[in-house]
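One structure is given here, and the rest of the page talks about it.
There are 2 protein chains.
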Amino acid sequence: MSTRRATIADVARTAGVSPSTASVVFSGKTPVSDATRQRVLDAAAALGYSGPDPRAASLRRGRSGIVGVVFQAPLGAAFLDPVIRLMMDGLADAVAPIDAGLLLLREGVAGDSPGASLTTAPIDAAVLVGCTPGMAESLAALRARGIPVVVIEGDAGADVPRVTLDNREAQRSLASHLRSLGHTDVAVVTLPTHRRSDPGWIDERRRQDITVDVTRHRLDGVRDVYPDAPAYAATASSIDAGLVAGRAILADPQHRPTAVLAQSDLLAAGVLRAAEERGLVVPDDLSVTGFDGVDVDGLAPYRLTTMAQPATEKGRAAGEAVVAMLGHHDVPSVCFSSVFREGNTTAPPPGS
Amino acid sequence: MSTRRATIADVARTAGVSPSTASVVFSGKTPVSDATRQRVLDAAAALGYSGPDPRAASLRRGRSGIVGVVFQAPLGAAFLDPVIRLMMDGLADAVAPIDAGLLLLREGVAGDSPGASLTTAPIDAAVLVGCTPGMAESLAALRARGIPVVVIEGDAGADVPRVTLDNREAQRSLASHLRSLGHTDVAVVTLPTHRRSDPGWIDERRRQDITVDVTRHRLDGVRDVYPDAPAYAATASSIDAGLVAGRAILADPQHRPTAVLAQSDLLAAGVLRAAEERGLVVPDDLSVTGFDGVDVDGLAPYRLTTMAQPATEKGRAAGEAVVAMLGHHDVPSVCFSSVFREGNTTAPPPGS
DNA sequence: TTGTAAGCGTTATCAT
DNA sequence: ATGATAACGCTTACAA
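Next up, the structure:
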């Protein structure tokens, strides 16, 4: 009973048709008479054949139906970010029409040689998430293979299509909002400045070599309005990291800003907690802004004043770009806009 | 310049060796003299050949190096759960040694025909996450193809290896802990009872047809100690869902339990918020227990009394099981144990 | 509507 | 250490 698996040729033979006909029955690419189709299906059932082997099909077709999604962090950490989760949903939706699956690839995690999985994996295209300079090797490997690439929130060179956000302008809007409320003394909580960075104040030197585009651009946005706003870098985009930053920023009662601009909603949530710890009432004693416009689980009753970004749309756009590239179309880079959303965490500064 | 991609045959010819030798240079499966290796590598570089085509290799090898991970929810929703995220990390680690990637598959999401992606995807094995009866078709499709399957937290029949948790016993431990503290009046917040379920009290009728194993088993664990504990089903494992449930449970001051057992840490976090809303002090006025032992972002300064489950280990075990099955080894089901962890959210009932 | 035939690019086996 | 050969299982022009 240890006979090998039936192939489409076996099915064809049993059904008394040619292999090509049997193939067509399964792919549906060409009309087949009902009678033959039924005979083929019956033969398949009899032999326990459950459709073409995807490996063989993909060799012949030159397509595997798989899109690689490349992260620079452990999966669990990446998915901590609600924006990434929404993006994945959009991506999954967008590639569903071509029946593609998403293959998770981690780059630069201990134990994986650079680009190895990228060259061994049968992917038709790749989406790089948050492309920093460290991804250069991965990128080179992909190009060498002629695999279409799209980058989300990052820069991979002129000829790689990007899906980005108006980070600087968006953050500037929030800063302007605070200024129009009368705030003059604000502080910033930034996202990590490097792939792995310690928490701490950002001096001019550190500022110079921020390698994470999003972080730099959003910081620039604040500085457009408040050129001297002090900034504290968090180690991650999380509530806990925001709490740490918030504590640092609110530590000295003599030198306390009247508003904090956090570079993500999660960080903002952490700042809110830090404020609570200090006995500060938001927004009366302190205004706090976020960024992303995601549902932060457990944030109620606060509604953050924030910039809502179309995270799912970004994923969808990346997916659509990939689909287009597989169809040999040129695809342009796209930059999405965030929209200002006022919540109940901002107000004029105390005593105004 | 639109010439087709170089193949290993081209490289071999250029290097003046046979295709098999060239192949071996890349796979390293057989010793090759340094001289020839270098010639092959040079030829490859000259032709812009960057290694064997994974599609062809996987046909020949009969392996694609891809493990499917099957979810029953939109990706974004699944990854909301910290336990799932940890599990993914463990899974990724465990399959890394065989250089396998993880292919995300969603089952039963609008637009995907049942089992379609499972039969089209070139996967060597599959991990079903949270296998409910609704996954029967997916399972059948996999078996028909002879693809090894492992199930995490679910039941797929006797001959499918499972990775599970001692849910009932673990939950019973927490209930016992509360009883030993003197609580007699407790309520439960459960995980969803069905794949999609509305929030609400669980009456005997609803109790009967809970299709989610985890939910049922943990509820059984409480009822082992408190046979009449009322239970309120949440719609998801999230802080917000826990908040809703907590509000319902704490609504009536006359009928207020002195302790709430939540079936996940996230739900427990929500209950904590509900308690705060009502002006109740935890643990003085109300004890709250969680389940999972994960870091709930933003939960500080609380430390939940909970059962810590080895989530990463579960993922790793599933990955190792898959690797073993691919090596034609039999693998047993494994059931992990949770360990009791006391935090600062439980105490004797008020006035005792 | 169905059949014929020619690969898709690689690797395992077996000689040499 | 290297080479010749034969699959791996399928799809798709093209012909009938």
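Residue numbers (the working numbering), protein chains in the order written: chain A, 1 to 352; chain B, 1001 to 1352.
For glycine and all other residues, C-beta sits at the position ideal for the given N, C-alpha and C.
Check                                                                                                                                                                                         : Outcome
Would you report the Cα separation of residue 1317 of chain B and residue 1255 of chain B, rounded to the nearest angstrom?                                                                   : 44 Å
Is residue 367 of chain A helix, strand or coil by DSSP?                                                                                                                                      : Because chain A spans 1 through 352 in this model, residue 367 of chain A falls outside it and cannot be assessed.
If the criterion is Cβ atoms closer than 8 Å, does the pair residue 1098 of chain B and residue 1334 of chain B meet it?                                                                      : no
Quick one: which chain A residues come within Cβ less than 7 Å of residue 1340 of chain B?                                                                                                    : Those do not exist, as residue 1340 of chain B stays about 24 Å from chain A at its closest Cβ, beyond 7 Å.
Which residues, in chain order, does the segment 133-166 of chain A contribute to contact with chain B at a C-beta distance below 8 Å?                                                        : 141, 144, 145, 146
Any chance the segment 151-168 of chain A sits against the segment 307-315 of chain A, with 3 or more Cβ pairs inside 8 Å?                                                                    : yes
Can you look up residue 331 of chain A in the DSSP assignment and give me helix, strand or coil?                                                                                              : coil
Identify every run of the alpha helix (DSSP H) within the segment 231-294 of chain A, keeping only runs that are complete inside it and at least 4 residues long; order them along the chain. : 239-250, 265-277
Taking the alpha-carbon positions, what's the residue 46 of chain A to residue 1105 of chain B distance?                                                                                      : 29 Å
Measuring alpha carbon to alpha carbon, tell me which of B/1035, B/1231, B/1119, B/1214 ends up nearest residue 1205 of chain B.                                                              : B/1231
Counting contacts by CB-CB distance shorter than 8 Å, is residue 1010 of chain B in contact with chain A?                                                                                     : no
Quick one: what does DSSP say residue 1080 of chain B is sitting in, helix, strand or coil?                                                                                                   : coil
At 3 residues or longer, what runs of the beta strand (DSSP E) sit wholly inside the segment 121-181 of chain A?                                                                              : 125-129, 149-152, 162-165
Under 8 Å between the Cβ atoms of residue 1261 of chain B and residue 1222 of chain B?                                                                                                        : yes
Under 8 Å, Cβ to Cβ, is there at least one residue of chain B near residue 235 of chain A?                                                                                                    : no
Anyone know if the C-beta pair for residue 244 of chain A and residue 234 of chain A falls short of 8 Å?                                                                                      : yes
Using a 10 Å radius around the Cβ and a threshold of 16 neighbouring Cβ atoms, would you call residue 92 of chain A buried or exposed?                                                        : buried
Which ranges would you report for the alpha helix (DSSP H) in the segment 186-212 of chain A if only whole runs of at least 4 residues count?                                                 : 204-208
Buried or exposed, going by whether 16 or more other CB atoms sit within 10 Å of the CB of residue 1352 of chain B?                                                                           : exposed
What three-state label does DSSP hand residue 317 of chain A in the structure shown?                                                                                                          : helix
With DSSP collapsed to three states, give me the class of residue 1308 of chain B.                                                                                                            : strand
Comparing C-alpha positions only, which one of A/185, A/123, A/68, A/210 sits nearest to residue 133 of chain A?                                                                              : A/210
Beta-carbon within less than 6 Å of residue 1039 of chain B's beta-carbon, same chain only, minus the 5 sequence neighbours each way: which residues are those?                               : 1015
Compile a chain-ordered list of the residues in the segment 286-314 of chain A whose CB is closer than 7 Å to at least one CB of chain B.                                                     : 297, 298, 300
The beta strand (DSSP E) that contains residue 70 of chain A, what's its start and end?                                                                                                       : 66-71
State the start and end residues of the unbroken alpha helix (DSSP H) segment that holds residue 37 of chain A.                                                                               : 34-47
What residues in the segment 1232-1256 of chain B bring their beta carbon closer than 7 Å to a beta carbon of chain A?                                                                        : 1238, 1239, 1240, 1243
Is residue 259 of chain A closer than 8 Å to residue 1101 of chain B when the C-beta atoms are compared?                                                                                      : no
Look up residue 1090 of chain B in the DSSP assignment and say whether it is helix, strand or coil.                                                                                           : helix
If you draw a straight line from the alpha carbon of residue 1064 of chain B to that of residue 1090 of chain B, how long is it in whole angstroms?                                           : 21 Å
Using 8 Å as the limit for Cβ to Cβ distance, is residue 98 of chain A near chain B?                                                                                                          : no
Who does residue 101 of chain A pair with in a DSSP beta bridge?                                                                                                                              : A/66
Which of the three DSSP states, helix, strand or coil, is assigned to residue 296 of chain A?                                                                                                 : coil
Report yes or no: is there a C-beta of chain B within less than 8 Å of the C-beta of residue 66 of chain A?                                                                                   : yes
Got a sec? Which residues, its chain only, sit under 7 Å from residue 1123 of chain B by beta carbon, not counting five neighbours each side?                                                 : 1064, 1066, 1067, 1068, 1103, 1147
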